[in-house]
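In what follows, a structure is listed as structure tokens, so that the remarks can point back to it.
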Amino acid sequence: AQSVTQLDSQVPVFEEAPVELRCNYSSSVSVYLFWYVQYPNQGLQLLLKYLSGSTLVKGINGFEAEFNKSQTSFHLRKPSVHISDTAEYFCAVSGSTDKLIFGTGTRLQVFP
Amino acid sequence: DTGVSQNPRHKITKRGQNVTFRCDPISEHNRLYWYRQTLGQGPEFLTYFQNEAQLEKSRLLSDRFSAERPKGSFSTLEIQRTEQGDSAMYLCASSLGSPNQPQHFGDGTRLSIL
């Protein structure tokens, strides 16, 4: 069975500071990893995905994530956040089946 | 790319009533998924279709829930005899149809049971 753990339910940060949102996964098979962002009362928007190849993945809005197989992690990073990055962020995994397994989310709150 | 469309955006109903939601996927996408998201949680998988065939159903999908995709295009999710615990955001997603293809989500239907 696959699972995703997002250890931080909330991450407060000041504007222009760097941020890291943590994600750890568990799976007995090879996985595909995703980060999605959700703004209030909206659906999920794909930020980036890891399928294979380079372990450093760049996504939209200046976000990037690094796949670490030995630590089973896929942490999301941004060097300088903006007020508009305030949202809920979800890490997700899919493997041999097509369904996405999501973490419980991390609320990123950016303060001026 | 017009995106995934879901209707209605909000539905308020009394306990015991039946409700139906509609999802229109991105036109060239052959896979369609339904998820449920409760407050403070990540989305949970309910079911998915490959064209008109329903390929997998979660145990969360009780016998009061039924989903269809009759012509392999739009899909409907019906909940019969709604209960308080059914209050949630119901999300639809579509994709080109393999585990490494990203799923594109609609804005969801928020169901509130009075």
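The listed protein sequences derive, respectively, from chains A and B.
Here this note's numbering is used: the first residue of the first sequence is 1, the next is one more, and so on.
Here this note's numbering is used: the first residue of the second sequence is 113, the next is one more, and so on.
Virtual Cβ for every residue (Gly too), placed ideally from N, Cα, C.
Note down, in chain order, each residue of its chain lying with its Cβ closer than 8 Å to the Cβ of residue i, except the 5 sequence neighbours on either side.
| i | result |
| --- | --- |
| A/L100 | F34, A92, V93 and S94 |
| B/T125 | V131, T194, L223, S224, I225 and L226 |
| A/V31 | Q2, Y25, V93, S94 and G95 |
| A/G103 | V4, T5, Q6, C23, F90, C91 and A92 |
| B/Q196 | R127 and I225 |
Going by CA-CA distance only, name the one from the options that's closest to residue i.
| i | options | result |
| --- | --- | --- |
| B/F186 | B/R127, B/S139, B/I225 and B/L173 | B/S139 |
| A/I60 | A/K49, A/S70 and A/N68 | A/K49 |
| A/S28 | A/R107, A/T97 and A/G105 | A/T97 |
| A/H82 | A/T55, A/L44 and A/P18 | A/P18 |
| B/S117 | B/Y202, B/S210, B/A179 and B/Q213 | B/Y202 |
| B/L144 | B/F133, B/Q166 and B/L173 | B/Q166 |
| A/Q42 | B/R121, B/N212, B/L189 and B/G197 | B/R121 |
| A/D8 | A/D85, A/L76 and A/A65 | A/L76 |
| A/K69 | A/K78, A/P79 and A/L56 | A/L56 |
| A/K78 | A/L51, A/V110 and A/S52 | A/V110 |
| B/H216 | B/A179, B/K123, B/Q153 and B/N142 | B/N142 |
| B/P214 | A/L51, A/E16, A/P12 and A/V13 | A/L51 |
| B/D198 | B/T114, B/N119 and B/Q129 | B/Q129 |
Output needed for residue i: all residues of its chain with C-beta closer than 6 Å, excluding positions within five of it in sequence on either side, in chain order.
| i | result |
| --- | --- |
| A/Y25 | V4, T72 and V93 |
| A/E88 | Q38, G105 and R107 |
| A/Q10 | R107 |
| B/F177 | I191 |
| A/L44 | Y36 and Q38 |
| A/E20 | H75 and R77 |
| A/P12 | Q109 |
Here's a check: name, in chain order, each residue in its chain whose Cβ is nearer than 7 Å to the Cβ of residue i, leaving out the five neighbours to either side.
| i | result |
| --- | --- |
| B/T150 | A200 |
| B/E168 | T159 and Y160 |
| B/E164 | R181, P182, K183 and G184 |
Report back the beta-carbon spacing between residue i and residue j to the nearest angstrom; my notes put them in contact at under 8 Å.
| i | j | result |
| --- | --- | --- |
| A/F63 | A/L47 | 5 Å |
| B/G218 | B/C204 | 5 Å |
| A/Y36 | A/F74 | 12 Å between Cβ atoms; not a contact. |
| B/E190 | B/L172 | About 15 Å; that fails the 8 Å criterion. |
| B/S206 | B/P137 | 3 Å |
| B/T188 | B/R134 | 5 Å |
| A/S84 | A/E16 | Contact flag wrong, Cβ pair sits at about 12 Å. |
Residues in the stretch 80–102 of chain A having any Cβ partner in chain B nearer than 8 Å: Within the stretch 80–102 of chain A, the qualifying residues are F90, A92, S94, G95, S96, T97, D98, K99, L100, I101 and F102.
Under 9 Å (Cβ pairs) to chain B, residues found in the stretch 46–69 of chain A: Residues passing the 9 Å Cβ filter: L46, K49, L51 and S52.
Members of the stretch 25–48 of chain A that neighbour chain B once the beta carbon cut-off is set at 8 Å: Within the stretch 25–48 of chain A, the residues whose Cβ lies closer than 8 Å to some Cβ of chain B are Y32, F34, Y36, N41, Q42, G43, L44, Q45 and L46, listed in chain order.
Residues in the stretch 163–194 of chain B having any Cβ partner in chain A nearer than 9 Å: Taking 9 Å as the Cβ-Cβ cut-off against chain A, the residues of the stretch 163–194 of chain B that qualify are L167, E168 and S170.
Cβ-based contacts, 8 Å cut-off: residues of the stretch 150–162 of chain B near chain A: Cβ contacts with chain A: G152, Q153, G154, P155, E156, F157 and Y160.
Members of the stretch 196–215 of chain B that neighbour chain A once the beta carbon cut-off is set at 7 Å: Using a CB distance below 7 Å, the part of the stretch 196–215 of chain B facing chain A consists of L203, P211, N212, P214 and Q215, ordered along the chain.
Chain-ordered residues of the stretch 126–152 of chain B with a beta carbon less than 9 Å from chain A: Residues R143, Y145, Y147, Q149 and G152.
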